[in-house]
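A.B. asks: Under UniProt numbering, the residue at position 519 of the sequence shown is numbered 519, and the numbers go up by one with no gaps. Structure below; questions to follow.
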Amino acid sequence: QSIGCDDYLGSDKVIDKCGICGGDNTACKVVSGVFKHTLTNLGYHKIVEIPEGATKINITEMSKSNNYLALRSRSGRSIINGNWAIDRPGRYEGGGTMFTYKRPNEISSTAGESFLADGPTNEVLDVYMIHQQPNPGIHYEYIIPGDNVISPQLLAHRRPGEPLNGQLGMPESTNQEDEDLHRETDTLTGQSAGTFPVIQPGRFSSHQPENQVPAVQPPRQNREHNWKQTGKTECTTTCGKGSQYPVFRCVNRITHEEVSESYCDSSTKPIPEEEACNLFPCPAFWDIGEWSECSKTCGLGMQHRQILCRQMYANRTLTVQQYRCHHLEKPETTSTCQLKICSEWQIRTEWTSCSVPCGVGQRTRDVKCVSNLGDIVDDEECNMKLRPNDIENCDMGPCAKSWFLTEWSDRCSAECGDGVRTRSVVCMTNHVSSLPLEGCGNNRPSETTPCNNGPCAGKVEWFAGAWTQCSTECGSGTQQREVICVRKTEGNFDVLNPYECSYLEKPPSQQSCYLKPCGSKWFHTEWSTCSKSCEGGFRVREVRCLSDDMIASTQCDPQLKPEEKEPCNTQDCIPEIDENCKDKYYNCNVVVQARLCVYTYYKTACCASCTRVANRQSGFLGRR
Numbered sequence: 001q002s003i004g005c006d007d008y009l010g011s012d013k014v015i016d017k018c019g020i021c022g023g024d025n026t027a028c029k030v031v032s033g034v035f036k037h038t039l040t041n042l043g044y045h046k047i048v049e050i051p052e053g054a055t056k057i058n059i060t061e062m063s064k065s066n067n068y069l070a071l072r073s074r075s076g077r078s079i080i081n082g083n084w085a086i087d088r089p090g091r092y093e094g095g096g097t098m099f100t101y102k103r104p105n106e107i108s109s110t111a112g113e114s115f116l117a118d119g120p121t122n123e124v125l126d127v128y129m130i131h132q133q134p135n136p137g138i139h140y141e142y143i144i145p146g147d148n149v150i151s152p153q154l155l156a157h158r159r160p161g162e163p164l165n166g167q168l169g170m171p172e173s174t175n176q177e178d179e180d181l182h183r184e185t186d187t188l189t190g191q192s193a194g195t196f197p198v199i200q201p202g203r204f205s206s207h208q209p210e211n212q213v214p215a216v217q218p219p220r221q222n223r224e225h226n227w228k229q230t231g232k233t234e235c236t237t238t239c240g241k242g243s244q245y246p247v248f249r250c251v252n253r254i255t256h257e258e259v260s261e262s263y264c265d266s267s268t269k270p271i272p273e274e275e276a277c278n279l280f281p282c283p284a285f286w287d288i289g290e291w292s293e294c295s296k297t298c299g300l301g302m303q304h305r306q307i308l309c310r311q312m313y314a315n316r317t318l319t320v321q322q323y324r325c326h327h328l329e330k331p332e333t334t335s336t337c338q339l340k341i342c343s344e345w346q347i348r349t350e351w352t353s354c355s356v357p358c359g360v361g362q363r364t365r366d367v368k369c370v371s372n373l374g375d376i377v378d379d380e381e382c383n384m385k386l387r388p389n390d391i392e393n394c395d396m397g398p399c400a401k402s403w404f405l406t407e408w409s410d411r412c413s414a415e416c417g418d419g420v421r422t423r424s425v426v427c428m429t430n431h432v433s434s435l436p437l438e439g440c441g442n443n444r445p446s447e448t449t450p451c452n453n454g455p456c457a458g459k460v461e462w463f464a465g466a467w468t469q470c471s472t473e474c475g476s477g478t479q480q481r482e483v484i485c486v487r488k489t490e491g492n493f494d495v496l497n498p499y500e501c502s503y504l505e506k507p508p509s510q511q512s513c514y515l516k517p518c519g520s521k522w523f524h525t526e527w528s529t530c531s532k533s534c535e536g537g538f539r540v541r542e543v544r545c546l547s548d549d550m551i552a553s554t555q556c557d558p559q560l561k562p563e564e565k566e567p568c569n570t571q572d573c574i575p576e577i578d579e580n581c582k583d584k585y586y587n588c589n590v591v592v593q594a595r596l597c598v599y600t601y602y603k604t605a606c607c608a609s610c611t612r613v614a615n616r617q618s619g620f621l622g623r624r
């Protein structure tokens with residue numbers, strides 16, 4: 001046998017649309033209508049008032065829009081979408097019942113938002129619309145008990161023997177706000193829905209009339225009342241396994257009406273046991289991850305995101321096979337992206353001249369990365385693989401070479417006796433094209449020349465040894481040397497007590513040193529051959545300022561620069577008388593300068609030159 005809604009075996013009673021067990025759908029009334037007002041101001045606008053005791057509540061937007069529905073209690077507590085904060089679709093408790101807030105898919109659906117609740121409500125609730133675009137229309141509907149029907153809220157507080165008639169009467173409006181609400185509702189209420197009579201919201205009051213005086217009767221505990229399961233609590237979840245508990249009420253055994261729990265024996269009240277509910281799994285859904293960064297900083301690139309099929313069960317979200325989400329359109333996992341238009345390379349100048357007049361050098365040009373707006377930006381904004389060269393080698397042909405020398409040092413290496421003077425010699429490229437020099441060759445000029453500052457016999461002096469290496473390879477350091485007092489004798493040196501040299505200034509035995517940089521110095525080539533053999537010619541040489549690493553420098557003192565050109569062979573030209581008296585060598589002028597004409601060999605080999613000198617000297621003496 002089946003169990004009826006009254007929990008008796010064999011009973012065929014069912015709950016009607018009014019929520020009454022064994023009812024015939026006449027004990028309640030349906031309130032419905034459509035709110036179609038044209039709104040101009042943005043923000044919250046009141047749509048309808050849901051009275052206390054309302055059931056089967058349905059507030060639905062007639063088509064999708066950018067507007068939002070909102071729900072607030074009469075006490076001012078926000079339930080859904082309050083304070084300009086938009087809540088996620090889901091279940092929200094308010095007014096003594098559970099509201100289901102739905103917002104269909106924003107892409108694939110054209111349906112609007114909705115609030116659904118089974119009720120009954122235990123307080124007055126206000127429905128609002130957050131207006132942002134033209135109102136598409138809001139349909140509202142709820143059920144309230146009809147005339148002479150006990151309100152669910154009043155049943156819980158009624159005592160046996162209390163009169164029921166008149167409890168659901170409609171008192172006159174007590175304030176201006178009620179009258180305004182009635183007028184507003186008159187214009188919003190639509191036609192009746194189904195077979196239920198339509199009434200206007202606000203006409204029903206669940207408050208007891210002031211003239212109603214309840215009959216006071218003491219509670220009695222007898223077997224006329226017992227505990228009855230009247231229902232179950234709301235399932236904690238709509239799907240994926242939740243939990244609920246049976247609800248037991250104290251009822252009259254004859255009329256099955258609920259009464260105060262004081263009429264039943266509390267010791268016999270059953271203990272509610274947890275029951276599983278909504279065991280079916282929740283529908284699978286696509287869990288959409290965030291887009292990755294664009295693969296390119298400019299131009300067309302790609303970005304990706306992770307899409308997982310997930311399903312909720314027993315308050316846990318699990319990743320499942322993708323076929324479970326086949327009923328839904330799978331979002332794209334890749335997408336094109338473009339942050340900005342790429343910049344490009346531009347050649348701004350022509351190639352410069354080669355860095356050397358001969359040999360292999362380099363030349364450059366200006367290459368810049370330019371944005372699409374014409375601004376110069378960092379090179380990283382352009383494709384480095386496509387960057388034009390801004391430097392390249394250039395070959396200006398082979399270079400001639402020559403020996404470059406410095407002047408002889410001013411001081412002799414020894415203060416007395418034999419010593420040497422030094423100079424620097426280096427082979428370098430010669431840029432003076434008029435000089436017939438093709439290479440340095442093997443005839444390297446000497447770097448030393450002898451010198452003598454007089455005899456040293458019996459002379460007492462300080463003798464300084466060679467300096468040690470600098471204590472550092474670069475920068476400031478120190479170096480030492482031995483300094484002793486000596487007397488030079490025939491081919492020997494006698495070491496004396498330092499006291500013997502005390503009247504002389506002792507050379508330092510320690511000094512600071514600085515290896516790099518050593519500075520720049522003037523270098524020059526040998527003189528060229530004189531352009532004329534007599535009556536004044538000229539000869540030239542090349543002079544360069546070179547740094548410590550033998551590259552061109554501008555740091556030399558211009559006042560110390562050696563001459564690059566000087567006159568030569570300024571003597572008069574004397575015609576030769578004797579055909580056999582000729583110079584056999586081109587450099588007889590050197591023989592004359594060295595005064596070697598007194599020797600027979602040189603007088604014969606350089607007959608013409610020696611004869612001219614002899615004639616000039618004799619003429620000079622004659623004039624004296």
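The beta-carbon is built from N, C-alpha and C at its ideal position, and this holds for glycine as well.
In terms of DSSP beta bridges, what is I391 paired with?
C.D. replies: Answer is T364, bridged to I391.
A.B. asks: Name the DSSP beta bridge partners of H131, please?
C.D. replies: DSSP output for H131 lists G43 as bridge partner(s).
A.B. asks: Going by alpha carbons, who is nearest to G361 out of I347, N393 and K13?
C.D. replies: For the residues I347, N393 and K13, the minimum Cα distance to G361 belongs to N393.
A.B. asks: In this structure, does DSSP put residue 626 in helix, strand or coil?
C.D. replies: With the chain running from 1 to 624 in the structure shown, residue 626 is simply not present.
A.B. asks: Which stretch, first to last residue, makes up the alpha helix (DSSP H) that contains V592?
C.D. replies: Counting along the chain, the alpha helix (DSSP H) containing V592 begins and ends at C588 to Q593.
A.B. asks: With DSSP as the reference, please indicate the residues paired to R544 in a beta bridge.
C.D. replies: Paired residue(s): F523.
A.B. asks: If you count every other CB in all the chains shown that lies within 10 Å of the CB of Q176, and 16 or more means buried, which is it?
C.D. replies: In this predicted model, Q176 has a pLDDT of only 40, less than 50, meaning its place in the structure is not dependable; the value taken from the coordinates is given anyway. Classification for Q176: exposed.
A.B. asks: Could you check where the alpha helix (DSSP H) with K603 kicks off and where it finishes?
C.D. replies: Where K603 is concerned, the enclosing alpha helix (DSSP H) stretches over T600 to A605.
A.B. asks: Quick check: the region 283-295 against the region 260-275, are there 3 or more CB pairs under 8 Å?
C.D. replies: These segments do not touch.
A.B. asks: Would you mind reading off the limits of the beta strand (DSSP E) that contains S512?
C.D. replies: First-last of the beta strand (DSSP E) with S512: Q510 to Y514.
A.B. asks: Evaluate contact between the region 349-357 and the region 306-316, counting only Cβ atoms and requiring at least three cross-stretch pairs below 8 Å.
C.D. replies: Not touching, per the Cβ criterion.
A.B. asks: Measure the C-alpha to C-alpha separation of W345 and V367 and round it to an integer number of angstroms.
C.D. replies: Straight-line Cα distance between these residues: approximately 7 Å.
A.B. asks: Got a sec, what are the start and stop residues for the beta strand (DSSP E) A464 sits in?
C.D. replies: Unbroken beta strand (DSSP E) run through A464: V460 to A464.
A.B. asks: CB-CB under 8 Å to T468, same chain, minus the five flanking residues each way: which ones, in chain order?
C.D. replies: Around T468: Q479, Q480 and R481.
A.B. asks: Could you tell me whether the region 552-562 touches the region 515-534, where touching means 3 or more Cβ pairs closer than 8 Å?
C.D. replies: These segments touch.
A.B. asks: By DSSP, does L560 sit in helix, in strand, or in coil?
C.D. replies: Helix.
A.B. asks: Between P104, A111, R103 and E141, which has its C-alpha nearest G119's C-alpha?
C.D. replies: Per the Cα distances, E141.
A.B. asks: Going along the chain, which residues of its own chain have a beta-carbon closer than 8 Å to the beta-carbon of D549, five neighbours each way excluded?
C.D. replies: Taken in chain order, the list of residues that qualify is empty.
A.B. asks: Report the residue ranges of all beta strand (DSSP E) runs contained in full by the region 321-376; include only those spanning at least 3 residues, in chain order.
C.D. replies: Counting only runs of 3 or more, we get 334-337, 344-347, 360-364 and 367-370.
A.B. asks: Over the uninterrupted beta strand (DSSP E) stretch that includes G254, give me the two end residues.
C.D. replies: Contrary to the premise, residue 254 reads as Ile rather than Gly in this sequence. It is not in any beta strand (DSSP E) - I254 carries neither H nor E in the DSSP assignment.
A.B. asks: Nearest-angstrom Cα distance between R612 and R544?
C.D. replies: Going from the Cα of R612 to the Cα of R544 covers about 38 Å.
A.B. asks: Answer with buried or exposed for L42, where buried requires no fewer than 16 other C-beta atoms within 10 angstroms of its C-beta.
C.D. replies: Exposed.
A.B. asks: Please report how far the alpha carbon of residue 627 lies from the alpha carbon of C239, in whole angstroms.
C.D. replies: Shown here, the chain extends from 1 to 624; a query on residue 627 therefore has no answer.
A.B. asks: Just to confirm the assignment: which complete beta strand (DSSP E) runs, minimum length 3, are found wholly within the region 67-145?
C.D. replies: Entirely contained in the region 67-145, the beta strand (DSSP E) runs reaching 3 residues are, in chain order, 68-73, 78-80, 90-94, 97-102, 114-117, 125-131 and 138-145.
A.B. asks: Can N122 and E52 be called in contact, C-beta distance under 8 Å?
C.D. replies: For N122 and E52, yes; Cβs fall inside 8 Å.
A.B. asks: DSSP puts N226 in a beta bridge; with which residues?
C.D. replies: Per DSSP, V251.
A.B. asks: Compare the beta carbon distance of G4 and D16 with 8 Å and say whether it is the shorter of the two.
C.D. replies: No, the Cβ-Cβ distance between G4 and D16 is not below 8 Å.
A.B. asks: Secondary structure at M428, three-state DSSP: helix, strand or coil?
C.D. replies: If DSSP states are grouped into helix, strand and coil, M428 belongs with the strands.
A.B. asks: By alpha-carbon positions, which one of Y499, H37, F35 and G19 ends up nearest to K29?
C.D. replies: Closest option to K29, Cα to Cα, is G19.
A.B. asks: Tell me the rounded alpha-carbon separation between M384 and L515.
C.D. replies: Looking at the two C-alpha atoms, the distance is approximately 42 Å.
A.B. asks: What's the call for S502, buried or exposed, on a 16-neighbour Cβ count within 10 Å?
C.D. replies: With fewer than 16 other Cβ atoms within 10 Å, it is exposed.
A.B. asks: Given a threshold of 16 other Cβ atoms within 10 Å of its Cβ, counted over all protein chains shown, does Y263 qualify as buried or as exposed?
C.D. replies: It counts as buried.
A.B. asks: Check each candidate in N81, L328 and C451 and name the one with the smallest Cα separation from D412.
C.D. replies: Residue identity differs from the one stated: residue 412 is Cys in this sequence, not Asp. When each option's Cα is compared against that of C412, the closest is C451.
A.B. asks: Should S114 be labelled buried (16 or more other beta-carbon atoms within 10 Å of its own) or exposed?
C.D. replies: That one is buried.
A.B. asks: Report all residues from its chain with a CB closer than 8 Å to the CB of S343; omit the five preceding and five following residues, and keep chain order.
C.D. replies: Closer than 8 Å at Cβ, skipping near neighbours: C298, C369, V370, S371, N372, V377, E381 and C382.
A.B. asks: With H, G and I counted as helix, E and B as strand and the rest as coil, what does DSSP make of L386?
C.D. replies: If DSSP states are grouped into helix, strand and coil, L386 belongs with the helices.
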